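The block underneath contains the structure these notes are about, expressed in structure tokens.
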Amino acid sequence: MDYKAEYKRWLENVADTDLQKELQNMDEKAMEDAFYRDLAFGTGGLRGTIGAGTNRMNVYTVSKASQGLASYLGSATSVVIGYDSRIKSDAFAKVAAGVFAANGIKVHIWSELLPVPTVSYAVRALGASAGIMITASHNPSKYNGYKVYGADGCQITTEAAAAILAEIEKLDIFADVKNSSFEEDLQSGIIDYIDESVLTSFIEEVKKQSVLFGDEINRDVAIVYSPLNGTGLKPVTRVLEESGFTNITVVEEQRNPDGNFPTCPFPNPEMREAMDLGLQYCEKTGADLLLATDPDADRCGIAVKTLSGEYQLMSGNEVGLLLLDYICAQRIKHNQMPEHPVFVKTVVTMDLAEKIAEHYGLETVNVLTGFKFIGEVIGKLEAQGREKDYVCGFEESYGYLTGSYVRDKDAVNAAFIICEMFAFYKTRDISLSEKLDELFNTYGFCLNTLRFYEFGGSAGMVKMQEIMADFHRGVDNFAGQKVVKTLDYSKGLDGLPASDVLKFYTESGSVVIRPSGTEPKVKAYISVTAKNRSEAEKIEESIGAEPAERIK
Numbered sequence: 088m089d090y091k092a093e094y095k096r097w098l099e100n101v102a103d104t105d106l107q108k109e110l111q112n113m114d115e116k117a118m119e120d121a122f123y124r125d126l127a128f129g130t131g132g133l134r135g136t137i138g139a140g141t142n143r144m145n146v147y148t149v150s151k152a153s154q155g156l157a158s159y160l161g162s163a164t165s166v167v168i169g170y171d172s173r174i175k176s177d178a179f180a181k182v183a184a185g186v187f188a189a190n191g192i193k194v195h196i197w198s199e200l201l202p203v204p205t206v207s208y209a210v211r212a213l214g215a216s217a218g219i220m221i222t223a224s225h226n227p228s229k230y231n232g233y234k235v236y237g238a239d240g241c242q243i244t245t246e247a248a249a250a251i252l253a254e255i256e257k258l259d260i261f262a263d264v265k266n267s268s269f270e271e272d273l274q275s276g277i278i279d280y281i282d283e284s285v286l287t288s289f290i291e292e293v294k295k296q297s298v299l300f301g302d303e304i305n306r307d308v309a310i311v312y313s314p315l316n317g318t319g320l321k322p323v324t325r326v327l328e329e330s331g332f333t334n335i336t337v338v339e340e341q342r343n344p345d346g347n348f349p350t351c352p353f354p355n356p357e358m359r360e361a362m363d364l365g366l367q368y369c370e371k372t373g374a375d376l377l378l379a380t381d382p383d384a385d386r387c388g389i390a391v392k393t394l395s396g397e398y399q400l401m402s403g404n405e406v407g408l409l410l411l412d413y414i415c416a417q418r419i420k421h422n423q424m425p426e427h428p429v430f431v432k433t434v435v436t437m438d439l440a441e442k443i444a445e446h447y448g449l450e451t452v453n454v455l456t457g458f459k460f461i462g463e464v465i466g467k468l469e470a471q472g473r474e475k476d477y478v479c480g481f482e483e484s485y486g487y488l489t490g491s492y493v494r495d496k497d498a499v500n501a502a503f504i505i506c507e508m509f510a511f512y513k514t515r516d517i518s519l520s521e522k523l524d525e526l527f528n529t530y531g532f533c534l535n536t537l538r539f540y541e542f543g544g545s546a547g548m549v550k551m552q553e554i555m556a557d558f559h560r561g562v563d564n565f566a567g568q569k570v571v572k573t574l575d576y577s578k579g580l581d582g583l584p585a586s587d588v589l590k591f592y593t594e595s596g597s598v599v600i601r602p603s604g605t606e607p608k609v610k611a612y613i614s615v616t617a618k619n620r621s622e623a624e625k626i627e628e629s630i631g632a633e634p635a636e637r638i639k
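Using the working numbering, read the sequence shown as starting at 88 and increasing by one per residue.
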């Protein structure tokens, strides 16, 4: 792209006062970064820095994407739109709604910010042709994004993304986009607010995921909860309170929606920094459990009080193992396990989960990174009349789903079932850390870590491509650990769509290398099996140095 020519065109056409001011203040470097390409559109939709330019999230790039999607949908009946607490999320949602309405497509929009799984749910509940969620999930405050869901409530496939992108690329961002007034369309009825009953129905589906089947638990466990200034407050506390968990303390500084995330610059429950304030609340209140959901409430992180009185943060893999074991044990105990049960995980998720699933007689399905692929498996089971065979699924990045009522990870569901599991074991004088140790003693100790390497700008994209090409040429060993098998998912293995992912099986575990689909990063997922944690950490440290050397 001739970034200087495009920059000049934006100067001449942009009416938005804030964007015009930003354009006028750009230096050469900022100009190039903002205009050297169009913001990438893929299976995750759009995600980028908020600001002026073709490589930014703004009302123009959102409108163009919406027009492309509208053209792709053709004679669609309707779309569902949701949004989170991020800067400009509500404005982008209304702009997108106006584009769809101008194209004659009915719009159902949530009247308040709500979690991403409510969009997946509403698409199916309302029989819509597609869904849009304005969010950048767990990214820092400078980001926003645009997720797209199909009529099945699942994030769009690779094929659909390519077809939508083809429609987007036909458009001139200023001349070819239809727009209309949100308020006028609301009055005419082509845009309407989704009824509260749909949210209530969603909440009821979450509550149905209980696997107590009549077993007694003490629901008075002390819980500290943080929505991290996002969308989780209303649905999470409602589900918990309606289920009898009323001893809940909300982290006040992170209670209300705030796209600046003043106390958690990286609002990701995977990161300790995002959990620090909640941990302080736990220390003050003596709480039993800390819950935190990311801004769009599809990820859930926890910390639990140990026997020594300290608080232990648990990884997504560890929580996933505990949930899988708890759900399976309860279903077996109460004769509620389907005849052909299925567990779904991503290729970067702890392989130890497969041993637990096998123990309980579950088939494990491995999918590519991204919960949409777990959603696709649920959809295929449903098409076969087997949706009840889906027992649960999770990914290492704190995403869980224990029912087939949505097609995306759901932190509302996760918070509920985690609280139930925690209370179940606590009632029986078992801590989650003790239960996790029991699983490791039974199935073998496994350590999973994620290392990532960040690159910025146009040069960074080239560097990332060079790094992946180097890994594709082959790796014989990682720090002396011989590579015994390599899976190259760019070739479309196991019926999965081609994806730039490599999995190297070593003598002690595995290493997965892939570029991030949402950020300028190369990620290395390291899995180590050893006699104990200390030995595993030593092996992980030596293996982790190898990708770092290749990436420098």
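Where a beta carbon is used, it is the ideal one built from N, C-alpha and C, also for glycine.
Just so we're clear, the structure is a prediction, and the values are computed from it rather than from any experiment.
Counted within 10 angstroms of its Cβ, other Cβ atoms place residue i as buried (16 or more) or exposed
{"i": "proline 349", "result": "exposed"}
{"i": "aspartate 412", "result": "buried"}
{"i": "methionine 113", "result": "buried"}
{"i": "glutamine 154", "result": "buried"}
{"i": "lysine 392", "result": "buried"}
{"i": "threonine 372", "result": "exposed"}
{"i": "glutamine 296", "result": "buried"}
{"i": "tyrosine 159", "result": "buried"}
{"i": "asparagine 500", "result": "buried"}
{"i": "arginine 560", "result": "exposed"}
{"i": "threonine 436", "result": "buried"}
{"i": "glycine 567", "result": "exposed"}
{"i": "valine 571", "result": "exposed"}
{"i": "serine 275", "result": "exposed"}
In DSSP terms, what residue i is bridged to
{"i": "glutamate 450", "result": "Val429"}
{"i": "arginine 230", "result": "The amino acid occupying residue 230 in the given sequence is tyrosine; arginine does not appear at that position. Answer is Thr136."}
{"i": "lysine 392", "result": "Tyr398"}
{"i": "aspartate 279", "result": "His195"}
{"i": "cysteine 369", "result": "For cysteine 369, which the question treats as bridged, DSSP gives no partner whatsoever."}
{"i": "cysteine 415", "result": "Paired residues: none, contrary to the question."}
{"i": "lysine 590", "result": "Leu574 and Val599"}
{"i": "alanine 498", "result": "BP columns for alanine 498 are empty, so no partner."}
{"i": "phenylalanine 532", "result": "Ala617"}
{"i": "proline 144", "result": "Rather than proline, the amino acid found at residue 144 in this sequence is methionine. Bridge partners of methionine 144: Ile137."}
{"i": "lysine 610", "result": "Phe539 and Arg601"}
{"i": "tyrosine 170", "result": "Ile221"}
{"i": "glycine 129", "result": "Gly132"}
{"i": "valine 337", "result": "Tyr312"}
Through-space distance from residue j to residue i, alpha-carbon basis
{"i": "asparagine 334", "j": "serine 621", "result": "37 Å"}
{"i": "asparagine 231", "j": "threonine 222", "result": "5 Å"}
{"i": "isoleucine 243", "j": "glycine 237", "result": "5 Å"}
{"i": "arginine 124", "j": "tyrosine 592", "result": "36 Å"}
{"i": "threonine 489", "j": "valine 235", "result": "22 Å"}
{"i": "leucine 133", "j": "valine 326", "result": "31 Å"}
{"i": "proline 202", "j": "alanine 384", "result": "5 Å"}
{"i": "aspartate 89", "j": "phenylalanine 261", "result": "17 Å"}
{"i": "valine 640", "j": "arginine 515", "result": "Missing from the structure shown is residue 640; the chain here goes from 88 to 639 and no further."}
{"i": "threonine 324", "j": "leucine 377", "result": "13 Å"}
{"i": "alanine 632", "j": "tyrosine 312", "result": "36 Å"}
{"i": "isoleucine 414", "j": "serine 577", "result": "34 Å"}
Residue i (DSSP reduced to helix, strand or coil)
{"i": "isoleucine 423", "result": "The question names isoleucine, yet the displayed sequence has glutamine at residue 423. Coil."}
{"i": "glycine 462", "result": "helix"}
{"i": "glutamine 296", "result": "coil"}
{"i": "cysteine 351", "result": "coil"}
{"i": "cysteine 506", "result": "helix"}
{"i": "arginine 538", "result": "strand"}
{"i": "threonine 436", "result": "coil"}
{"i": "serine 284", "result": "helix"}
{"i": "alanine 215", "result": "coil"}
{"i": "leucine 106", "result": "helix"}
{"i": "asparagine 112", "result": "coil"}
{"i": "phenylalanine 527", "result": "helix"}
{"i": "glycine 631", "result": "helix"}
{"i": "lysine 69", "result": "This structure cannot speak to residue 69, because the chain is shown only from 88 to 639."}
{"i": "alanine 163", "result": "coil"}
{"i": "glutamine 242", "result": "strand"}
{"i": "glycine 317", "result": "coil"}
{"i": "threonine 380", "result": "strand"}
{"i": "tyrosine 477", "result": "strand"}
{"i": "valine 326", "result": "helix"}
Spell out a yes or no on whether the segment 514-526 and the segment 401-410 are touching, meaning 3 or more CB-CB pairs, one atom from each, closer than 8 Å. yes
Below 8 Å, can you find three or more Cβ-Cβ pairs linking the segment 442-462 to the segment 569-587? yes
Does the segment 287-294 come within contact of the segment 492-506, defined as at least 3 CB pairs closer than 8 Å? By the C-beta criterion, the segment 287-294 is judged to be in contact with the segment 492-506, since at least 3 inter-stretch pairs fall below 8 Å.
Can at least three beta-carbon pairs, one atom from the segment 177-195 and one from the segment 300-308, be found at a separation below 8 Å? no
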